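In our numbering, the protein residues as written are 268 to 735.
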């Protein structure tokens, strides 16, 4: 029998979850803007960016590459700083800053100015996605997290669906105030991002302990629920011992390799989707329209998988499923001379759905198996920073001389997908083995450590159990 007290408690948790969800998911709209900022340079290139700035040779690739330098290097420091700061201030500052610098890209008069802007945007964006993942993970129990993170990623997918059309529409402003269409793409998207960043400051929550949208009783309830989910797994102090436990954690590096494997395909799709659509002989506008269903399908798959993954309390199998779907898509593209272009268009659905299905699951799976503030914050940042190196890989494996087959690009893309599969298998084996060791008391010697260190073990605490 369920008592009235238990019913009331359940209703309180549901109400608390709704309140947290309403506020936390305000991060989705800024993420749409961030996604647009990452891909608007490609649209600007089509509208005459290189010609107006006198760019030649590999200048465009240099502009792309410089973004990744700061983007990759500053993800870990940013999340470490976020632990000591107010997320509402830091995350909204990032969005506002990106908006300002994006407008700067629209008014720059030289290639050097563009490179400076790209470096600054990389520096700012470095803290955004890791910071949002970190913040969201501090509000929900481990098997409530996939749905929330997938909502966050769904915003990025939808931004990819409509960014081309938005840029196409803005480009028609060419000549207004003497600016070319590519400048207006940066200026308008930059202004929109700035305004969203200002709004985000007032609605973005801080850490659960200090969240203003919760009452004192509700804050205590959040902390109690999280403590029940991962008892004794705290890591609130950074010292040499903490650094050793974080940087020496095999799970983090395996999680980073998993993410690297699948995100290489995510970056690659931005290259070969336009290429295959152009092979269908459509106009640029129709090609933009025909890319939308691909991203809509990926969004639907991503959200559906999140529901089942949380309900089943399982991640590993969904990673394998996503990689299998992606593999079939790559197989079709590798057979380009022998299949009709319509089949290649279908392959876009398989690859895009497969990679977007897998990507957020790898993020959540690692997060589920990290315990403690610093472990989650630094672990997420390491995973994302290493994974984002795939942007450099993807931009260099599709060689124009190999068009339209792109054997190297598709082949390496498939290879990276199977890197994700193999590492996921190792990760799953490791956590199962470690759980058996702990069940047998094989890590109980850690309970004899000094109290200060024992209370800062994170997921190294003998009571912590890993989840597949």
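Every residue gets a Cβ at the ideal spot worked out from N, C-alpha and C, and that includes glycine.
Note that the coordinates shown come from a computational prediction; the quantities given were computed from them, not determined experimentally.
Three-state secondary structure (DSSP) of residue i
{"i": "residue 656", "result": "coil"}
{"i": "residue 303", "result": "Note that residue 303 has pLDDT 49, beneath the 50 cutoff, so the model's placement of it is unreliable and the number below is only indicative. Reduced to three states, the DSSP call for residue 303 is helix."}
{"i": "residue 479", "result": "coil"}
{"i": "residue 664", "result": "coil"}
{"i": "residue 472", "result": "coil"}
{"i": "residue 323", "result": "coil"}
{"i": "residue 705", "result": "helix"}
{"i": "residue 292", "result": "Legend: pLDDT at residue 292 = 44, less than 50; position of this residue unreliable, value from coordinates given subsequently. Reduced to three states, the DSSP call for residue 292 is helix."}
{"i": "residue 613", "result": "helix"}
{"i": "residue 341", "result": "coil"}
{"i": "residue 711", "result": "helix"}
{"i": "residue 606", "result": "coil"}
{"i": "residue 298", "result": "With a pLDDT of 46 at residue 298, under the threshold of 50, the modelled position of that residue is not reliable, and the figure given next carries that caveat. Correct three-state label for residue 298: helix."}
{"i": "residue 635", "result": "helix"}
{"i": "residue 627", "result": "helix"}
{"i": "residue 352", "result": "coil"}
{"i": "residue 716", "result": "coil"}
{"i": "residue 505", "result": "coil"}
{"i": "residue 379", "result": "helix"}
{"i": "residue 594", "result": "helix"}
{"i": "residue 672", "result": "coil"}
{"i": "residue 724", "result": "coil"}
{"i": "residue 497", "result": "coil"}
{"i": "residue 360", "result": "helix"}
{"i": "residue 683", "result": "helix"}
{"i": "residue 581", "result": "coil"}
{"i": "residue 408", "result": "coil"}
{"i": "residue 451", "result": "helix"}
{"i": "residue 587", "result": "helix"}
{"i": "residue 446", "result": "coil"}
Contacting residues, own chain, Cβ-Cβ under 6 Å from residue i (five flanking each side not counted)
{"i": "residue 522", "result": "633 and 650"}
{"i": "residue 353", "result": "473"}
{"i": "residue 628", "result": "582, 585 and 586"}
{"i": "residue 424", "result": "562, 565, 566 and 623"}
{"i": "residue 677", "result": "597, 600 and 601"}
{"i": "residue 218", "result": "Nothing can be reported for residue 218, as the shown portion of the chain is limited to 268 through 735."}
{"i": "residue 413", "result": "573, 576, 577 and 631"}
{"i": "residue 454", "result": "370 and 373"}
{"i": "residue 731", "result": "500 and 638"}
{"i": "residue 289", "result": "In this prediction, residue 289 scores a pLDDT of 44, lower than 50, which makes its location untrustworthy; the coordinate-derived value is nonetheless stated afterwards. No residues qualify anywhere along the chain."}
Rounded straight-line distance, which links the Cα of residue j to that of residue i
{"i": "residue 587", "j": "residue 581", "result": "12 Å"}
{"i": "residue 316", "j": "residue 391", "result": "23 Å"}
{"i": "residue 713", "j": "residue 723", "result": "11 Å"}
{"i": "residue 674", "j": "residue 307", "result": "27 Å"}
{"i": "residue 558", "j": "residue 542", "result": "11 Å"}
{"i": "residue 544", "j": "residue 312", "result": "18 Å"}
{"i": "residue 725", "j": "residue 540", "result": "42 Å"}
{"i": "residue 451", "j": "residue 369", "result": "10 Å"}
{"i": "residue 347", "j": "residue 648", "result": "9 Å"}
{"i": "residue 694", "j": "residue 556", "result": "40 Å"}
{"i": "residue 609", "j": "residue 547", "result": "8 Å"}
{"i": "residue 525", "j": "residue 589", "result": "12 Å"}
{"i": "residue 292", "j": "residue 626", "result": "Unreliable placement is indicated for residue 292, whose pLDDT of 44 sits below 50; no coordinate value is reported for it."}
{"i": "residue 446", "j": "residue 337", "result": "29 Å"}
{"i": "residue 481", "j": "residue 457", "result": "32 Å"}
{"i": "residue 496", "j": "residue 475", "result": "15 Å"}
{"i": "residue 517", "j": "residue 310", "result": "40 Å"}
Chain C contact for residue i (CB, 8 Å cutoff)
{"i": "residue 687", "result": "In the structure shown, chain C cannot be found, because there is only a single protein chain."}
CB-CB length for residue i against residue j, believed under 8 Å
{"i": "residue 599", "j": "residue 335", "result": "So it is not a contact: roughly 30 Å between Cβ atoms."}
{"i": "residue 389", "j": "residue 357", "result": "Going by Cβ atoms, the distance from residue 389 to residue 357 rounds to 16 Å, so no, they are not a contact pair."}
{"i": "residue 630", "j": "residue 400", "result": "6 Å"}
{"i": "residue 593", "j": "residue 621", "result": "3 Å"}
{"i": "residue 438", "j": "residue 448", "result": "3 Å"}
Same chain only: Cβ atoms within 7 Å of residue i, ignoring 5 sequence neighbours per side
{"i": "residue 385", "result": "330, 333 and 334"}
{"i": "residue 733", "result": "636, 698, 701 and 702"}
{"i": "residue 355", "result": "468, 471, 472 and 473"}
{"i": "residue 461", "result": "363, 366 and 367"}
{"i": "residue 727", "result": "512 and 713"}
{"i": "residue 652", "result": "339, 342 and 343"}
{"i": "residue 440", "result": "448 and 451"}
{"i": "residue 656", "result": "339 and 527"}
Spatial neighbours of residue i in its chain, beta-carbon cut-off 8 Å, leaving aside the 5 residues before and after
{"i": "residue 679", "result": "531, 660 and 664"}
{"i": "residue 321", "result": "377 and 378"}
{"i": "residue 716", "result": "724"}
{"i": "residue 382", "result": "329, 330 and 333"}
query = If we count Cβ pairs, one from each stretch, closer than 8 Å, do we get three or more for the region 413–421 versus the region 348–365?
reply = Between the region 413–421 and the region 348–365, the count of C-beta pairs closer than 8 Å stays below three; the two stretches do not touch.
task = Taking 8 Å as the threshold, find out whether the region 609–617 comes into contact with the region 683–691 through three or more Cβ pairs.
result = The region 609–617 is not in contact with the region 683–691.
message = Count Cβ pairs between the region 534–550 and the region 649–664 that sit closer than 8 Å; are there 3 or more?
response = Output reads yes: the region 649–664 touches the region 534–550.
message = Does the contact criterion of 3 or more C-beta pairs under 8 Å hold for the region 470–489 versus the region 392–406?
response = Under the three-pair Cβ rule at 8 Å, the region 470–489 counts as touching the region 392–406.
ask   = Any chance the region 633–642 sits against the region 491–511, with 3 or more Cβ pairs inside 8 Å?
value = In short, these stretches touch, since the Cβ pair count reaches three.
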